[in-house]
Amino acid sequence: FPRAQYERLAPYASPEVLGVPLESIYLKSKVLLHHLGNPEELLGELILSPPKTRISSAAANLRDLGALHVDGRVAALGRVAVFMPTTIQLTKLVLVAYALGIPADGIVIAAALSTQDVFKLAAPANCRWPEEFPGHLAHNYITRARYDAGQFSEPIMYRNLFMDYLGVPKAKGSRAFYEWLDNSCVAVSRMSQFAALVTELAAKLCAAVPTAKADPALRKLCSLKRAQQLSRQEIDELFTKDYVRLKTALVGAFQPSFVQGEINTANKNKGKIMGCGFEPMKTCLLQQIKPPEMADVNNLWAFLKSLAPIKDVKLNDTGKIAFIECGNDEEVQVPESDVVHQMPLLAQLLHQLMRQSCKFQVLTDQGIRHEPSKLGSPNFLGGMKWHVNGMRTMGSPYWRSNMGYMCEMRDIKCHWGVCSSLLGRDGPDGVRITGLTILPPPGELYGTAMILAFLSGPFHVTFFGGNSDPGFRGVQIVPTDAQGYEDTGRLNAFRMAMNEFLASPEQEAAEEARRRFDDFAAAIEHQRQGAVPPKNTFLPDAEYGIGVQPWREEARLVQPPCGSLELFHIGGEDPAAAWQQQRGPGAAGGWEAMEDQGPHVRFRVAPRWLRGLSAIARRDLEGDLSILQQKFGLAAAELAQQMQNGLPRGLAVELAGPSAAVEKAKPELVEGVLQYYAAQCEWSASELPVDDEPDAEPPPRLRRA
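Position one of the sequence shown corresponds to residue 1 (UniProt numbering), numbered consecutively onward.
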């Protein structure tokens, strides 16, 4: 390279720690290197350490995600995340999907978002001739749209692709597999890496959460072979068709990375499009057409027809502006969507070609020499711009995806979405959005419930409604639909069940979270079918006039007994007390209780991991409890069997004695003894083998004659 470039090079490469997110590094330092000091000190001792503000921000992000407790202790989510080859958000997705009964979907999406895009890049360099690029781009783009299935979600698109992959014969030398790769525009090496990571994630989840081995979907994923082909029935049993449940899991994992799509209702070309004589919501305006030979109706028609369905083309009086009426996308197996009324495929492809110069086969066939150029500047009504978390910071999805250029043809002000991450900066006031999922449209109760189910942070919530009405009709800042206090209780019950599951991810807690979600979803379905019209006008803002109602109910977000999802407090009832009453004593999940027995008190605590203690560890724990009893002068400190409905419920640790002695012993028990054994139990669980089958017996040794 030139000397001038050499002289501009930095003396040394920048350390990786200065250019990557610190959450994973901070968490691994906290768990694996805790004996060397806290992460702030360890990261500060690096030769080129990251700024203290970035370290503090990483710790705050981990607390917001639930990987760390408020006091800095590592939560169960954090310990599981250390052993998973994904980010914290994707580990949380795996756990939330497992809790909602769709573990295979969560694992496949986490694997897809952890690897490079499996679709081949549509670029002129990948084509033999420059004229082939537009057709190659159209095939690649339409294939993505088919796998999206009208959900407008990159994670769901990858999941649907993997479902199709499982049904393809993959025997060595199989032509069907390579034909599928070509038809689906998929790179074989990246697809193999994707499939291998799916099996690895399933195995590591079963190791980190031993009770998850009982889940048939996880067992199936763990046993998948590289060349294995599944039947359509097996695939349908493995993955869900409930997109509402799947998008709820995505919101639970990726919040608070919400984005808002603002729809442009003041298009300067609206009058031209409305007056051209074509159907306005199917018409794309194309101006600044290049090269000049393409400003011909016949040439333009022939070129556009090779891309996507088209109905008609005409030029204005000056011949400089083309009006293109797009055809029916169902001709290429791309269905209409209820999530977003998007511009037709042909208009989307014109926006794609606006970014890339190309040559045109229709001109080459006529012997017209021309240089590669951008076709022109397309324009469609209802264009959408993304803002991050409601701020004016612009967000840009991957421009090759079917959400790179979006519009909304309905009379809606904006859309809400959630993304897996916001990467770097795309210009001075913008960021890049990856893993975008658009939620059900404004006015749909499910979109509201998804946000409310996992809303976390210092939000001021106000429910709107009439004093004599059976339920609420909206909410300020974050909208909701609820019949009243009963449905708010269902909402709190689901949030609390997720708190307990993330605090201790086990099969029993997952089943409880699944049951609470089903109960909450049933209430939403009841609202959509009867109590409330299926469409409301308050979504997604509180500016639709609903605030003029005279009656409103203030809601506070209060700290839960455990976890990071606060509970909605409406009226006089304490939501934490209501939750304890719903679950009853000794219900699913770890619990603790204090009983007053005259001069003595009895304290019980029953963390879930007690059931996983080995016999040796149990004897050690009993020895430590005996030491605790002597140290504080307790009447008893022991492991005791708990009963419920006359049946054994499980083990609990009990302390009994004078109130002052029990109060002094309780912190050492909970924060010292039990925390030590909890860590030991989690470490041993993470090292367990994946398969339940015993190892094969070694062959018998032959005796010498």
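Beta carbons are placed, not taken as given, at the ideal position from N, Cα and C, and that holds for glycine.
Inter-residue Cα distance where the pair is residue i and residue j
{"i": "Ala302", "j": "Ser357", "result": "18 angstroms"}
{"i": "Pro155", "j": "Leu300", "result": "35 angstroms"}
{"i": "Leu201", "j": "Leu246", "result": "18 angstroms"}
{"i": "Gln483", "j": "Ala513", "result": "Residue confidence for Gln483 is low, a pLDDT of 37 falling below 50, so the modelled location carries little weight; the figure read from the coordinates is stated next. One C-alpha to the other measures close to 21 angstroms."}
{"i": "residue 727", "j": "Leu307", "result": "The shown model of the chain, from 1 to 705, leaves out residue 727, and the question about it has no answer."}
{"i": "Glu40", "j": "Lys52", "result": "8 angstroms"}
{"i": "Thr115", "j": "Phe194", "result": "6 angstroms"}
{"i": "Ile324", "j": "Gly417", "result": "30 angstroms"}
{"i": "Lys664", "j": "Gln629", "result": "11 angstroms"}
{"i": "Leu121", "j": "Arg232", "result": "29 angstroms"}
{"i": "Val362", "j": "Leu439", "result": "41 angstroms"}
{"i": "Glu671", "j": "Asp71", "result": "12 angstroms"}
{"i": "residue 725", "j": "Thr448", "result": "Nothing can be reported for residue 725: it is not among the residues displayed for the chain, which extend from 1 to 705."}
{"i": "Leu567", "j": "Ala497", "result": "11 angstroms"}
{"i": "Thr265", "j": "Arg410", "result": "10 angstroms"}
{"i": "Leu621", "j": "Leu33", "result": "25 angstroms"}
{"i": "Glu131", "j": "Ala217", "result": "46 angstroms"}
{"i": "Val332", "j": "Gly275", "result": "29 angstroms"}
{"i": "Val80", "j": "Leu205", "result": "8 angstroms"}
{"i": "Asp242", "j": "Arg611", "result": "33 angstroms"}
{"i": "residue 721", "j": "Val388", "result": "With the chain covering 1 to 705 only, the question about residue 721 has no answer from this structure."}
{"i": "Arg619", "j": "Ser626", "result": "11 angstroms"}
{"i": "Asp481", "j": "Ala112", "result": "Only weak support is given to the placement of Asp481: the predicted model assigns it a pLDDT of 33, under 50, and the value that follows is read from those uncertain coordinates. Roughly 34 angstroms between the two C-alpha positions."}
{"i": "Ala322", "j": "Gly101", "result": "51 angstroms"}
{"i": "Ala10", "j": "Val20", "result": "19 angstroms"}
Simplified DSSP assignment, three categories, for residue i
{"i": "Asn269", "result": "coil"}
{"i": "Asn379", "result": "strand"}
{"i": "Val313", "result": "strand"}
{"i": "Ile109", "result": "helix"}
{"i": "Gln287", "result": "strand"}
{"i": "Asp541", "result": "The predicted model places Asp541 with a pLDDT of 38, which falls under 50 and marks its position as unreliable; any figure quoted below should be read in that light. The answer is coil: DSSP assigns Asp541 none of H, G, I, E or B."}
{"i": "Val297", "result": "helix"}
{"i": "His139", "result": "helix"}
{"i": "Arg219", "result": "helix"}
{"i": "Arg73", "result": "coil"}
{"i": "Ser564", "result": "coil"}
{"i": "Met84", "result": "coil"}
Candidates the options, of which the one nearest residue i by Cα
{"i": "residue 740", "options": "Ala110, Arg146, Ala510", "result": "There is simply no residue 740 to check, as the chain begins at 1 and stops at 705 in what is shown."}
{"i": "Thr283", "options": "Ile321, Phe380, Arg54", "result": "Phe380"}
{"i": "Ile368", "options": "Pro309, Glu293, Glu331", "result": "Glu293"}
{"i": "Thr677", "options": "Leu613, Gly382, Gly383, Ala13", "result": "For the sequence presented, residue 677 should be read as Tyr rather than Thr. For the residues Leu613, Gly382, Gly383, Ala13, the minimum Cα distance to Tyr677 belongs to Leu613."}
{"i": "Ala640", "options": "Ala112, Leu651, Glu511, Phe632", "result": "Leu651"}
{"i": "Glu16", "options": "Glu7, Leu46, Ala123, Ser29", "result": "Leu46"}
{"i": "Ser337", "options": "Gly404, Lys385, Gly489, Glu408", "result": "Glu408"}
{"i": "Tyr446", "options": "Val339, Arg432, Gln366, Ala347", "result": "Val339"}
{"i": "Leu137", "options": "Val605, Arg495, Arg355, Val431", "result": "Arg355"}
{"i": "Arg144", "options": "Gly404, His370, Lys359", "result": "Gly404"}
{"i": "Gly623", "options": "Val662, Ala660, Leu674", "result": "Leu674"}
{"i": "Leu345", "options": "Val431, Ile142, Pro667", "result": "Ile142"}
{"i": "Arg73", "options": "Lys30, Leu286, Pro441", "result": "Lys30"}
{"i": "Phe83", "options": "Leu65, Pro134, Lys28, Ala99", "result": "Lys28"}
{"i": "Lys385", "options": "Leu557, Cys185, Gln260, Arg602", "result": "Gln260"}
{"i": "His69", "options": "Asn298, Glu279, Ala187, Asn499", "result": "Asn499"}
Cβ neighbours of residue i in the same chain (closer than 6 angstroms, five flanking residues each side left out)
{"i": "Ser421", "result": "Thr434"}
{"i": "Lys290", "result": "Ser373"}
{"i": "Pro335", "result": "Gly150"}
{"i": "Gly327", "result": "Pro309, Ile310, Lys311"}
{"i": "Ala636", "result": "Ala656"}
{"i": "Asn140", "result": "Ala122, Cys185"}
{"i": "Ser192", "result": "none"}
{"i": "Ile88", "result": "Glu23, Leu65, Ala67, Ala81"}
Sequence-distant residues of its chain with Cβ nearer than 7 angstroms to residue i (five each side left out)
{"i": "residue 706", "result": "Because residue 706 is not part of the residues shown, which for the chain are 1 to 705, the question remains open."}
{"i": "Arg190", "result": "Thr115, Gln116, Val118"}
{"i": "Phe454", "result": "Val251, Gly252, Gln255, Leu565"}
{"i": "Ala97", "result": "Pro103, Asp105, Gly106, Ala249"}
{"i": "Thr199", "result": "Leu221, Cys222, Leu224"}
{"i": "Gln559", "result": "Glu566"}
{"i": "Ile263", "result": "Gly382, Met384, Glu408, Ile412, Lys413, Cys414"}
{"i": "Arg495", "result": "Ala453, Leu565, Leu567"}
Near the ligand NAD: residue i beta-carbon under 7 angstroms from a heavy atom
{"i": "His139", "result": "Only the bare structure without any ligand can be found here, which leaves the ligand NAD out of the picture."}
Beta carbon proximity, residue i to chain D, threshold 8 angstroms
{"i": "Pro134", "result": "The displayed structure is made up of one protein chain only, and chain D is not part of it."}
| message | Contact between the region 312-320 and the region 123-130 is defined here as three or more beta-carbon pairs at a separation below 8 angstroms; is this criterion met? | response | no
| message | Across the region 400-408 and the region 213-232, are there enough close Cβ pairs to call them in contact, namely three or more that are closer than 8 angstroms? | response | Taking 8 angstroms as the limit for Cβ pairs, the verdict is that the region 213-232 does not touch the region 400-408.
| query | Can at least three beta-carbon pairs, one atom from the region 53-63 and one from the region 21-32, be found at a separation below 8 angstroms? | reply | Touching, yes.
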